[in-house]
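Protein chains: 2
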Amino acid sequence: MGRRNEHSREEQREMAIAAAEALIVSEGMAGFSMRKVASAIGYTVGQLYLLFRNQDDLFIVLNERTTEEIYLEIKAATQALEDSAEAIRIAARGYIEYGQRHPNRWQLLFSHRLPPGTPVPQANWRQVQSLFGLIEARLQQVRPQADPASLHLDATALWSGVHGVAVLAQSNKLSWSGLSDYGRLTDRLVQGFL
Amino acid sequence: MGRRNEHSREEQREMAIAAAEALIVSEGMAGFSMRKVASAIGYTVGQLYLLFRNQDDLFIVLNERTTEEIYLEIKAATQALEDSAEAIRIAARGYIEYGQRHPNRWQLLFSHRLPPGTPVPQANWRQVQSLFGLIEARLQQVRPQADPASLHLDATALWSGVHGVAVLAQSNKLSWSGLSDYGRLTDRLVQGFL
DNA sequence: GGTTTAAATAAACGCCATTCATTTGTGGAG
DNA sequence: CTCCACAAATGAATGGCGTTTATTTAAACC
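In order, the protein sequences belong to chains A and B. The opening position of the first sequence corresponds to residue 1 in the numbering used here, with each subsequent residue numbered one higher. The opening position of the second sequence corresponds to residue 1001 in the numbering used here, with each subsequent residue numbered one higher.
Structure representation (structure tokens):
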């Protein structure tokens, strides 16, 4: 055809993002392709490349949404809590549970690697920092007298550890250990920091 | 040609594995292809498929070698140590450092996902268990009076945490936190378990 | 020396990301 | 109202990939 003008560029982008998200959720990275996204929104591949520079460009947008979703979920689950130690435990469990609830999104976020030399997308990690800020603030409330530097170190170590459990849980690599109760595992990990 | 009989099947397999390893190390997963491996050993792709069922089959062998290398390195670095707490610290640092020293191998091992439904290869995780056994035994020496169940839980939580640091360090995702001294981070994580 | 048979090849299939010359509809100028 | 310029969209091409298969070729055996 050519020149339909049915949807604005911005609308097309949004349609493509939604279609890509659905495709990732249902088929995972293995079943994903630019062609499928294009045909899902009723356009050709060529047009998709006028909306996104390449596949990674689209992935980055999807990952932004994922990080935002994780952040909002954890914020919602913890903000009303008085007890900061409890908030940290809930946050950690929520993070891990997210990975299990959305394995394909998680995988796109954490196991897809950009080509070497590509800078880590700025926007993509703002929400990670926000989430991290939540944890650090809670940890500060638990240990008010700690100095900021060691608090930062502790918060980083804590969250790295939680991330580790999430990664292993999501990929079933803890099964050999006979431990399927990730909640207890997480609590034990968190405990060392409280 | 057809029927050269220059190398036995086993020799060809070994050549292919070595070539694949070199290719992964130098170009990473992105630059890897069965065709490149085949041409590196002077055979055609077709022949490669008589040696390995498919690409994943080859990857599994590579990952076995990686896990063995990690296990042997950490064993060598810790077995002479008297102090078990120190051994755990060294092991954790060694694990993380391995990921940084061999980013592409690490990536193949931990961020390549088999198609869903494929069982986690048995042989692949035997060495992971061996490594894990090392840690658990050391932890037991640190806390002789602990009951086995909670010891197992602790060892799993500890090593999951260490794995988390390794994953984030390897993919540069700790840079935003301003922490580049993974050693201190690791020590802090380990500290909660000692 | 001829025949069987295993080893290896070459070509094919269907997919992929990405690019680009070409077509087609639309909005504006006369 | 018509023509035209230009933006939107297409479709085909390029070069790569994993994997399969019919076919060829050389060695082994009788």
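By construction, the Cβ of each residue, glycine as well, lies at the ideal position given by its N, Cα and C atoms.
Leaving out the 5 sequence neighbours to the left and right, which residues in its chain are closer than 7 Å to residue i when beta-carbon positions are compared?
i	result
proline 148 of chain A	none
valine 128 of chain A	Thr67
glycine 183 of chain A	Arg93
arginine 113 of chain A	none
glycine 46 of chain A	none
asparagine 124 of chain A	Ile60, Asn63, Glu64, Thr67
What does residue i reach in chain A if we use C-beta pairs closer than 7 Å?
i	result
serine 1026 of chain B	Chain A residues near serine 1026 of chain B: none, gap ~12 Å exceeds 7 Å.
arginine 1188 of chain B	Leu153, Asp154, Ala157
Quick one: list the residues of chain B neighbouring residue i, beta-carbon separation under 9 Å, in chain order.
i	result
arginine 101 of chain A	Those within 9 Å of arginine 101 of chain A in chain B number zero; the least Cβ separation is about 16 Å.
Just the chain A side, please: which residues come within less than 9 Å of residue i by C-beta, in chain order?
i	result
glutamine 1107 of chain B	Ser111, Arg113
valine 1120 of chain B	Ser171, Asn172, Lys173, Ser175, Trp176
Report back the beta-carbon spacing between residue i and residue j to the nearest angstrom; my notes put them in contact at under 8 Å.
i	j	result
asparagine 954 of chain B	valine 1025 of chain B	Lying outside 1001 to 1194, the shown extent of chain B, residue 954 of chain B is not represented and no answer is given.
threonine 156 of chain A	leucine 1185 of chain B	6 Å
leucine 1081 of chain B	isoleucine 1070 of chain B	Rounded, the Cβ-Cβ distance is 18 Å, inconsistent with contact.
alanine 92 of chain A	valine 190 of chain A	5 Å
valine 37 of chain A	leucine 48 of chain A	6 Å
alanine 85 of chain A	leucine 194 of chain A	5 Å
glutamate 1073 of chain B	glycine 1094 of chain B	6 Å
leucine 1179 of chain B	leucine 131 of chain A	Their Cβ separation, rounded to whole angstroms, is 16 Å, which puts leucine 1179 of chain B and leucine 131 of chain A out of contact at 8 Å.
leucine 1040 of chain B	isoleucine 1096 of chain B	The sequence as given places alanine at residue 1040 of chain B; leucine does not occur at that position. Contact doesn't hold; Cβ gap of about 31 Å is too wide.
leucine 1134 of chain B	lysine 1173 of chain B	That pair is no contact at about 27 Å.
serine 111 of chain A	serine 1111 of chain B	4 Å
Classify residue i: buried if its beta carbon has 16 or more other beta carbons within 10 angstroms, exposed otherwise.
i	result
arginine 1066 of chain B	Sequence check: residue 1066 of chain B is threonine here, not arginine. It is buried - the Cβ of threonine 1066 of chain B has at least 16 other Cβ atoms within 10 Å.
serine 1160 of chain B	buried
leucine 1108 of chain B	buried
glutamine 1145 of chain B	exposed
glycine 117 of chain A	exposed
valine 1120 of chain B	exposed
arginine 138 of chain A	buried
alanine 1022 of chain B	exposed
alanine 20 of chain A	buried
serine 8 of chain A	exposed
glycine 202 of chain A	Outside the displayed span of chain A (1 to 194) sits residue 202 of chain A, for which this structure offers no information.
arginine 1035 of chain B	exposed
glutamate 11 of chain A	exposed
arginine 1004 of chain B	exposed
serine 177 of chain A	buried
glycine 1192 of chain B	buried
Below 7 Å on C-beta distance, what does residue i contact in chain B?
i	result
arginine 184 of chain A	Leu1153
Among the residues of its own chain, which have a CB less than 8 Å from the CB of residue i, if the five just before and after it don't count?
i	result
proline 1115 of chain B	Asp1056
isoleucine 17 of chain A	Leu58, Val61, Leu62, Arg65
arginine 101 of chain A	none
methionine 1015 of chain B	His1007, Ile1041
leucine 1219 of chain B	Absent from the structure is residue 1219 of chain B, since the part of chain B shown begins at 1001 and ends at 1194.
In chain order, what residues of the same chain lie with their CB nearer than 6 Å to the CB of residue i, ignoring the 5 residues before and after it?
i	result
serine 33 of chain A	none
tryptophan 1106 of chain B	Gly1099, Gln1170
phenylalanine 52 of chain A	Leu58
arginine 1126 of chain B	none
glycine 1028 of chain B	Asn1104
leucine 158 of chain A	Phe193
glutamine 1079 of chain B	none
Output, in chain order, the set of chain A residues within a Cβ distance shorter than 8 Å of residue i.
i	result
phenylalanine 1193 of chain B	Gly192
leucine 1219 of chain B	No answer is possible for residue 1219 of chain B: it lies beyond the span of chain B, which begins at 1001 and ends at 1194.
For the ligand HEM, is there a heavy atom less than 7 Å away from the beta-carbon of residue i?
i	result
leucine 51 of chain A	Inclusion of the ligand HEM in the displayed structure is not the case, the ligand content being empty and no account of it being possible.
Give me the subset of the segment 143-174 of chain A whose CB atoms are less than 9 Å from a CB atom of chain B, sorted by chain position.
Listed by position, the residues of the segment 143-174 of chain A near chain B (Cβ gap below 9 Å) are Ser150, His152, Leu153, Asp154, Ala155, Thr156, Ala157, Leu158, Trp159, Ser160, Gly161, Val162, His163, Gly164, Val165, Ala166, Val167, Leu168, Ala169, Ser171, Asn172, Lys173, Leu174.
Interface positions of the segment 13-44 of chain A facing chain B (Cβ-Cβ less than 8 Å), listed along the chain
Within the segment 13-44 of chain A, those residues whose Cβ lies closer than 8 Å to any Cβ of chain B are, in chain order, Gly28, Met29, Ala30.
Any residues in the segment 126-138 of chain A with a beta carbon nearer than 8 Å to a beta carbon of chain B? Which ones, in chain order?
Val128, Gln129, Phe132
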